[in-house]
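*Asks:*
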Amino acid sequence: LRRASERGHARAQVHLAMALASGRGVPPDPVEAASWFRRAAEAGERLAQTRLGLLLEQGQGVAADPAEAARWFAKAAEAGDSLAQFGLALLLDAGRGVPRDRSGALHWYRRSAAQGRPEAQFNLADYHRQGIATPADPIEAYAWLWRAAAQGFEPARDNLRALARELGAEQRAEAERRARDWQPRPEQP
Numbered sequence: 077l078r079r080a081s082e083r084g085h086a087r088a089q090v091h092l093a094m095a096l097a098s099g100r101g102v103p104p105d106p107v108e109a110a111s112w113f114r115r116a117a118e119a120g121e122r123l124a125q126t127r128l129g130l131l132l133e134q135g136q137g138v139a140a141d142p143a144e145a146a147r148w149f150a151k152a153a154e155a156g157d158s159l160a161q162f163g164l165a166l167l168l169d170a171g172r173g174v175p176r177d178r179s180g181a182l183h184w185y186r187r188s189a190a191q192g193r194p195e196a197q198f199n200l201a202d203y204h205r206q207g208i209a210t211p212a213d214p215i216e217a218y219a220w221l222w223r224a225a226a227q228g229f230e231p232a233r234d235n236l237r238a239l240a241r242e243l244g245a246e247q248r249a250e251a252e253r254r255a256r257d258w259q260p261r262p263e264q265p
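Residues 77 to 265 in this note's numbering are what the sequence shown spells out, letter by letter.
#1: Quick one: residues in its chain with C-beta nearer than 7 Å to the C-beta of Ala78, no 5 flanking neighbours on either side, listed in chain order?
#2: Can you give me the Cβ contacts of Ala189 inside the same chain, cut-off strictly under 6 Å, excluding the 5 residues immediately before and after it?
#3: What residue range is occupied by the uninterrupted alpha helix (DSSP H) comprising Val90?
#4: For Glu263, which option in Glu118, Gly192, Arg147 and Asp213 has the closest C-alpha, if you only look at C-alpha atoms?
#5: Can you grab the Cα-Cα spacing for the pair Arg187 / Ala181, in whole Å?
#6: Kindly indicate the opening and closing residues of the alpha helix (DSSP H) around Leu239.
#7: DSSP three-state label for Gln264, please.
#8: How should Asp157 be labelled, buried or exposed, when 16 other C-beta atoms within 10 angstroms of its C-beta is the threshold for buried?
#9: With DSSP as the reference, label Trp258 as helix, strand or coil.
#10: Check whether the Cβ atoms of Ala86 and Ala109 lie closer than 8 Å to each other.
#11: Under 8 Å: do the region 217 to 228 and the region 249 to 256 share three or more Cβ pairs, one atom per stretch?
#12: Quick check on Ser81: buried or exposed, where buried means 16 or more other Cβ atoms within 10 Å of its Cβ?
#13: Can you give the Cα-Cα distance for Gly99 and Asp105, rounded to whole angstroms?
Following this line, the structure appears as structure tokens:
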């Protein structure tokens, strides 16, 4: 794996970086992992771009740099990676490393949620519930919470119960119909 990585094979670099990051089969080395993720990310490996973004956001193996994290998340997000889409949405939502942009965050929450990421579904539900960068729509909020809760995302279950008390029976039925009829749509790179 190391030999292939040193020869410039980006996939091997990703696998080596993952092993170094987790300590799987080798002693953990977050600094070396970040270096291999960067090389693979620069070669266009979407998974490496996402993982490098996470390391930069959290300051693991590299100095924390939310602005650079946002740049790597954006590359992988455009290529369809749901975790990168969610990470970019969080940075835009909070204005960490980038100017705060709730409309941009909404866009990336939607794309990530559409692929089935429950954390994005939860945050998208909050946007719909509160009317952040989109008109308030409690039925749509309930439907997204229902989808996230159906995947076992515990915070969604709590919010779903609270929102259920605010909606009438017809509204809940409509939201549950929307949620059941929905299917995740993975993006192809």
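The beta-carbon is built from N, C-alpha and C at its ideal position, and this holds for glycine as well.
Since this is a predicted model, take the numbers as computed values, not measurements.
*Replies:* So, from the listed chains and residues:
#1: The sequence shown places Arg at residue 78, not Ala. The answer, listed in chain order, is Leu92.
#2: Excluding positions up to five away in sequence, the list reads Ala196, Gln197 and Leu200.
#3: Secondary structure note for Val90: its alpha helix (DSSP H) is the uninterrupted segment Ala86 to Ser98.
#4: Answer by Cα proximity: Gly192.
#5: If you take the alpha carbons of Arg187 and Ala181, they lie about 10 Å apart.
#6: Leu239 -> alpha helix (DSSP H) spans Glu230 to Glu242.
#7: DSSP places Gln264 in coil when its eight states are reduced to three.
#8: With a 10 Å radius around the Cβ and a threshold of 16 neighbouring Cβ atoms, Asp157 comes out buried.
#9: Coil at Trp258, not helix or strand.
#10: In this structure, Ala109 does not lie closer than 8 Å to Ala86 by Cβ.
#11: Proximity of the region 217 to 228 to the region 249 to 256 meets the contact definition, three or more beta-carbon pairs being nearer than 8 Å.
#12: With 16 or more other Cβ atoms within 10 Å, it is buried.
#13: Going by the C-alpha atoms only, they are around 7 Å apart.
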